[in-house]
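Residue numbers (my numbering): 333 to 681.
Okay, here's the thing in structure tokens:
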């Protein structure tokens, strides 16, 4: 997205600065002209004053003593009127453009963005666009998940917008504020990711999001390990500690680099990767409920079930053909990207 009116505002600001520079140069040249033709008889302030009232066309008489007897001084006045009038008009038009493009166009674009956010449903709200949030936004965009970014730092939002080079749906405000979450469509969202840079803020976002949308999946970032149970009690479905995960990853890269490389490839689609892990829920109306794995067409569809997440939270790893599928199960399957949608449709009915 071209984040609101950012680029147009920068253009108007640049024109205003150019006009201001030219206007300042004309004023300086006019004052110097009067001072030079007066051979120092008039002070610099008087010359400056005469220049300003000439450019502003306020209608005062000639204020420099003896000026009416000096054709050279009137020549300076004529030059100022010719050069300065156009410059002053350019400055005023540039200032008007800055106001119009910065405020009016910003309001119109903000309303357009509000309508776009209002039309969303089943989207993800990303709170915080720091180092962690930036990577999250990149991944959400890569897999085509609709999302809205919430952050109080407009400059950071502008940077993300330039990185994405297309329209970014965002709300500039405090993510711990219920009203800001409402603007992001929290009641219609499928999930909320709280990736702010302190545990207190993530805790408040979790509490607010859970109160506003009891069914949303909430994933919260944790800085200190002691915060995880508090976040879960506040309503977070999952808590991620980047520092801990980073440490485990560094260790794994040292002792088992090939395993890590393989897992990296299969946990996400995109970037030329054709095979990935999919978690597919088995609803009550699924035709597979009550069947053994061997009786299904999952293997024929090119998928390999590596685990089953039971409704009670337990996992069954590497389930055999005699494993009975039940409503509420979630199948963790290794499947090619081209077959993932059809596999989900066949399981969920």
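Glycine included, each C-beta is placed from N, C-alpha and C at the ideal position.
Query                                                                                                               : Result
Alpha carbon of residue 662 to alpha carbon of residue 633, nearest angstrom                                        : 17 angstroms
Exposure of residue 558, with buried meaning 16 or more beta-carbon neighbours within 10 Å                          : exposed
Classification of residue 612 by the beta-carbon crowding that lies within 10 angstroms, buried from 16 upward      : buried
Beta-carbon proximity of residue 521 to residue 543, cut-off 7 angstroms                                            : no
Rounded straight-line distance, which links the Cα of residue 489 to that of residue 590                            : 37 angstroms
CA-to-CA distance, residue 530 to residue 564, given in whole angstroms                                             : 16 angstroms
At least three beta-carbon pairs within less than 8 angstroms, the stretch 415 to 422 to the stretch 438 to 458     : no
Opposing strand residues paired with residue 553 [DSSP bridges]                                                     : 572
Residue 544 - containing alpha helix (DSSP H), residue span                                                         : 531 to 544
Contact under 7 angstroms by Cβ, residue 550 with residue 569                                                       : yes
Local Cβ density within 10 Å of residue 483, reported as buried at 16 or more and exposed below that                : buried
Runs of alpha helix (DSSP H) lying entirely within the stretch 365 to 427, each at least 4 residues, in chain order : 376 to 388
Of the residues 608, 654, 492 and 513, the one placed nearest residue 670, counting alpha carbons only              : 608
CA-to-CA distance, residue 384 to residue 396, given in whole angstroms                                             : 13 angstroms
When 666, 363 and 424 are compared against residue 350, the one with the closest alpha-carbon                       : 424
Collapsed DSSP secondary structure at residue 617 in the structure displayed                                        : coil
Beta-carbon gap between residue 469 and residue 452 smaller than 7 angstroms                                        : no
For residue 312, the three-state DSSP class (helix, strand or coil)                                                 : With the chain represented from 333 up to 681, any question about residue 312 goes unanswered, as that position is not in the structure.
Complete runs of the beta strand (DSSP E) confined to the stretch 641 to 668 [at least 3 residues]                  : 647 to 649 and 662 to 668
Inter-residue Cα distance where the pair is residue 337 and residue 486                                             : Because residue 337 sits at a pLDDT of 40, beneath the cut-off of 50, its placement in the model cannot be relied upon, and the point is left open.
Residues sharing a beta bridge with residue 611, DSSP                                                               : 664
Three or more C-beta pairs below 8 angstroms linking the stretch 649 to 661 and the stretch 618 to 625              : yes
Nearest to residue 412 (by Cα), restricted to the options 359, 509 and 675                                          : 359
Helix, strand or coil at residue 631 according to DSSP, with G and I counted as helix                               : coil
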